[in-house]
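The numbering of the sequence shown is the numbering used here, which starts it at 0 and goes up by one.
Beta carbons: idealized from backbone N, C-alpha and C, even for Gly.
From a predicted model like this one, the values you see are computed outputs, not experimental measurements.
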Amino acid sequence: MTRSYDHIVVGGGASGCVVAARLVRAGRRVLLLEAGHSHRHPLLDMPPGIFKMINGSKFMSYHRTEPQAHLDGRVHEISQGNVLGGGTSVNAQVYMRGRPADYDEWDELLRGNNAGIRWNWQAVLPHFTGMEGNNRLGGELHGTTGPLLVSDPGYIDDVSRWFVQALQGLGLPYNHDFNGASQRGVGFYQFTNRGGKRSSAAYAFIEPLLRDPRLTLRLNCAVSRVMIENERARGVAYVDSSGTEHTAYADGDVIISSGALISPKLLMLSGVGPADALAQHGIACTADLPGVGENLIDHPEVPIIATTNGSYGYFKQGQGWRMVRNGLQFKLFGTGTILSAGVEAGAFVNPADPEGEPTIQAFCVPHVYLDRDILTLVANTYGLTVTTVVVKPKSRGFVKLRSANPKDMPVVSPHLLAHPEDMKEMISGQRYFLKAFRTKPLADRVKAIAVPAGNEDSDEALAKHCKRFVKTNYHPAGTCRMGPDSDRMAVLDAAMRVRGIDNLRVADMSACPNINAGNTAAPAMMLGDRCADFILEAV
């Protein structure tokens, strides 16, 4: 079956939902193709539900990395949303935009041929505030009426409070707003949920338009390639859940919004990428862009795990009679643990320069939290996990084609902690937060530190621990990055247009020149909003 639209959006993740919704509201006929499933599921809806799915679910796709030589050959996984709303439907819902310097850096990197397009903080802030419906904060830095519901945690566990107090005991100031004047400090995150229900990009932007005839939404439909004729994107070929092949055409732009691991794969399958690599898979090159798939950036995360001397935190809260009790409390009174996303508190700190820009972000998780490949290394019992994250990593990896078969997962090599500066910062962060476990009132509840094992905190011991336990913070970015004409590795120009191909844009975290300091769902939605502006303004 062949149909024609004004625009086709490939991928219904955070960015794709926003750009599709903006275009539909502007009167455009839009086809939104999502390879994954519907976002409507009770475990996805409730804030902590994803913790019951994270280590195995049809709502996620699991990318196994190439063996990482610098991690002694270790293979780990990067899970990504396989559902409408993408990561916003399966993440821990932390609302974080990054700091103004992140976007001022983008602006500087793109200054060579901006053609009047700015990417500095002043340019992107209205996109954040316009989408935001904050339940506590307002003013210049926050929106209160937007469709994306941003809230304080509906429930705060005692473990999270003790974490915040312990960090204050170490001299870190309390921060009431990590998206405010400064990131530095310790406090409680805000989340994209409200009243015990997730506010994903699917719910916030697509759900209100499901009856609009200008929006055609197709789930479980995987795009195999963009059809390019005479250096112009004309449409896409895709396969539905039954295996039937379809083609769809667009009079205007085709927007790829499939995330930093799949967007470069789709470009390469369509003949856009490094010519030599494409030739190895028998793919004719339409646009020789060597940067496609390069510059993979991700936030590396390493846990510190302690067991506790009492029944603190969320262990067993989703099992047996406790689960029934918590469910009844929520249904009857709208209160209790179900209102928590499973993480409430966090911190931004620079251990080497306490007054400097934070180098480490931390999350306090009131239970033992590990990825699938290291689950058996720590007993599942009452405990807490503090993860430390390098917010501006220097390590860079890559995404490559595995074959010319669209069904094959791409080759992914993230190189987490490969750069010595990243390892240095991570060790510094680990050492700093180990002090928190030994600081009251947290210290009064800690039975033992299980990870890193032993009491040794030398650089060598912590580096060994980091290599064994480092994992993705689920923030892959940068693989189709924007850049000036002078940068031959830049895939996109400052208006998110693919170089050398008309009517083709990329709108997701793969477009960013460098990763922001903090969680990436909000920046991904901002990128979708900006892309819609560029299209509607014919930039």
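#1: Once the 5 residues before and after D458 are set aside, which same chain residues still bring their CB inside 8 Å of it?
#2: Within 10 angstroms of its Cβ, does Y313 collect 16 or more other Cβ (buried), or is it exposed?
#3: Measure the alpha-carbon distance for V222 versus L214 and round it to whole angstroms.
#4: Return the CA-CA distance between G179 and Q328, expressed in angstroms with no decimal places.
#5: Classify A286 as buried or exposed, calling it buried when 16 or more other Cβ atoms lie within 10 Å of its own Cβ.
#6: In angstroms with no decimal places, state the Cα-to-Cα distance between S37 and S485.
#7: Would you please state the rounded distance, in angstroms, between the beta carbons of Q182 and A516? I believe it to be under 8 Å.
#8: Does DSSP put T144 in a helix, a strand or coil?
#9: Distance, Cα to Cα, T243 vs G15?
#10: Which whole runs of the beta strand (DSSP E) in the stretch 26 to 103 are 3 residues long or more, in chain order?
#11: Which residue wins for smallest C-alpha separation from R135, given the options V18, F436, Q189?
#12: Whole-angstrom Cβ separation of G477 and C511, contact assumed at under 8 Å?
#13: At the 8 Å Cβ level, is R28 part of the contact set with chain B, yes or no?
#14: Bridge partners for M226 per DSSP, in chain order?
#15: Return the first residue and the last residue of the beta strand (DSSP E) that L214 is part of.
#16: Where does C465 sit, in a helix, a strand or coil, going by DSSP?
#17: How is the beta strand (DSSP E) around H6 delimited, first residue to last?
#18: Look up C363 in the DSSP assignment and give the residues it is bridged to.
#19: What is the DSSP secondary structure of R487, reduced to helix, strand or coil?
#20: Return the CA-CA distance between D528 and L535, expressed in angstroms with no decimal places.
#21: Go ahead and pull the three-state DSSP assignment for A403.
#22: Among L433, C363, L218, whose alpha-carbon lies nearest the alpha-carbon of D239?
#23: Would you say the stretch 448 to 465 touches the stretch 271 to 286, given that touching needs at least three Cβ pairs under 8 Å?
#24: Please name the residue in G186, T307, R324, M408 whose C-alpha comes closest to that of F436.
#25: Is S339 buried or exposed, if buried means 16 or more other CB atoms sit within 10 Å of its CB?
#26: Go to M124, then tell me how far its alpha helix (DSSP H) extends in each direction, as first and last residue.
#27: By how many angstroms is the C-alpha of S159 removed from the C-alpha of G195?
#28: Starting from L295 and walking both ways along the beta strand (DSSP E), at which residues does that stretch end?
#29: According to DSSP, is E354 part of a helix, a strand, or is it coil?
#30: Can you tell me the Cα-Cα spacing of D103 and A489, whole angstroms?
#31: Does the distance from the C-beta atom of E343 to that of P172 stay below 8 Å?
#32: Contact check, L148 vs S198 under 8 Å by CB: the rounded distance?
#33: Restricting to Cα atoms, I'd like to know which of V411, M495, R233, R2 is closest to D532.
#34: Candidates V82, K264, I359, D443: which alpha carbon is nearest D44's?
#35: Which word fits P419, buried or exposed, when buried means at least 16 other C-beta atoms lie within 10 angstroms of its C-beta?
#36: Considering only their Cβ atoms, is the gap separating A249 from G270 smaller than 8 Å?
To lay it out plainly:
#1: Here residue 458 corresponds to residue number 459 of the sequence shown, with the count starting at 1. Excluding residues within five positions, the ones whose Cβ falls inside 8 Å are I426.
#2: One-based indexing of the sequence shown puts residue 313 at position 314. Buried is the call here.
#3: Here the question's residue 222 lines up with position 223 in the sequence shown. Here the question's residue 214 lines up with position 215 in the sequence shown. If I take the Cα positions, the gap works out to 18 Å.
#4: For the purposes of this step, residue 179 is identified with residue 180 of the sequence shown, where counting begins at 1. For the purposes of this step, residue 328 is identified with residue 329 of the sequence shown, where counting begins at 1. Spanning the two alpha carbons is a distance of roughly 34 Å.
#5: Here residue 286 corresponds to residue number 287 of the sequence shown, with the count starting at 1. By the neighbour-count rule (16 or more Cβ atoms within 10 Å), A286 is buried.
#6: In the sequence shown, counting from the first residue as 1, residue 37 sits at position 38. In the sequence shown, counting from the first residue as 1, residue 485 sits at position 486. One C-alpha to the other measures close to 42 Å.
#7: As a working mapping, residue 182 is identified with position 183 in the sequence shown. As a working mapping, residue 516 is identified with position 517 in the sequence shown. About 7 Å separates the two Cβ atoms, so the contact holds.
#8: Here residue 144 corresponds to residue number 145 of the sequence shown, with the count starting at 1. T144: coil per DSSP, three-state reduction.
#9: Here the question's residue 243 lines up with position 244 in the sequence shown. Here the question's residue 15 lines up with position 16 in the sequence shown. Looking at the two C-alpha atoms, the distance is approximately 23 Å.
#10: 29 to 32, 59 to 63, 76 to 80
#11: Stepping through the sequence shown from its first residue, residue 135 is reached at position 136. Among V18, F436, Q189, the Cα nearest to that of R135 belongs to Q189.
#12: Position 478 of the sequence shown, counted from the start, is the residue given in the question as residue 477. Position 512 of the sequence shown, counted from the start, is the residue given in the question as residue 511. C511 and G477 do touch by the CB rule: their CB atoms are close to 6 Å apart, below 8 Å.
#13: In the structure shown, chain B does not exist; there is a single protein chain.
#14: As a position in the sequence shown, residue 226 is number 227, starting the count at 1. M226 is bridged to G234.
#15: Counting from 1 along the sequence shown, the entry for residue 214 is found at position 215. Its beta strand (DSSP E) spans residues 214 to 217.
#16: Position 466 of the sequence shown, counted from the start, is the residue given in the question as residue 465. DSSP places C465 within a helical segment (H, G or I) once states are collapsed to three.
#17: Here residue 6 is taken as the residue at index 7 of the sequence shown, counted from 1. Note, H6: beta strand (DSSP E), 6 to 9.
#18: Taking the first residue of the sequence shown as position 1, residue 363 is located at position 364. A344, V385, per the DSSP bridge assignment.
#19: What you label residue 487 is simply residue 488 of the sequence shown in a count that begins at 1. Correct three-state label for R487: coil.
#20: Along the sequence shown, one-based indexing puts residue 528 at 529. Along the sequence shown, one-based indexing puts residue 535 at 536. For D528 and L535, the distance between alpha carbons rounds to 11 Å.
#21: For the purposes of this step, residue 403 is identified with residue 404 of the sequence shown, where counting begins at 1. Coil.
#22: In the sequence shown, counting from the first residue as 1, residue 239 sits at position 240. Cα-wise, what sits closest to D239 is L218.
#23: no
#24: Numbered from its first residue, the sequence shown carries residue 436 at position 437. The shortest C-alpha separation from F436 is found at T307.
#25: For the purposes of this step, residue 339 is taken as residue 340 along the sequence shown, with counting starting at 1. The residue in question, S339, is buried, as its Cβ has 16 or more Cβ neighbours within 10 Å.
#26: One-based indexing of the sequence shown puts residue 124 at position 125. The sequence shown places Leu at residue 124, rather than the Met named in the question. First-last of the alpha helix (DSSP H) with L124: 120 to 130.
#27: Start at 1 with the first residue of the sequence shown, and residue 195 comes out as number 196. Start at 1 with the first residue of the sequence shown, and residue 159 comes out as number 160. One C-alpha to the other measures close to 19 Å.
#28: Start at 1 with the first residue of the sequence shown, and residue 295 comes out as number 296. It spans 293 to 295 - the beta strand (DSSP E) in which L295 sits, taken as one unbroken run.
#29: One-based indexing of the sequence shown puts residue 354 at position 355. Looking at E354 - three-state DSSP - the assignment turns out to be coil, as it is neither helix nor strand.
#30: Position 104 of the sequence shown, counted from the first residue, corresponds to residue 103. Position 490 of the sequence shown, counted from the first residue, corresponds to residue 489. D103 and A489 have their C-alpha atoms spaced approximately 18 Å apart.
#31: Along the sequence shown, one-based indexing puts residue 343 at 344. Along the sequence shown, one-based indexing puts residue 172 at 173. Contact flag unset, no.
#32: Residue mapping note: residue 148 aligns to position 149 of the sequence shown, counting from 1. Residue mapping note: residue 198 aligns to position 199 of the sequence shown, counting from 1. Right, their Cβ atoms sit about 4 Å apart.
#33: What you label residue 532 is simply residue 533 of the sequence shown in a count that begins at 1. Scanning V411, M495, R233, R2 for the CA closest to the CA of D532 turns up M495.
#34: By 1-based counting over the sequence shown, the position of residue 44 is 45. For D44, the nearest C-alpha among the options comes from V82.
#35: Residue numbering aside, residue 419 sits at position 420 when the sequence shown is read from its first letter. The residue is exposed, with fewer than 16 neighbouring Cβ atoms inside 10 Å.
#36: As a first step, residue 270 is located in the sequence shown; it is residue number 271 there, counting from the start. As a first step, residue 249 is located in the sequence shown; it is residue number 250 there, counting from the start. Cβ distance not < 8 Å, so G270 and A249 don't count as in contact.
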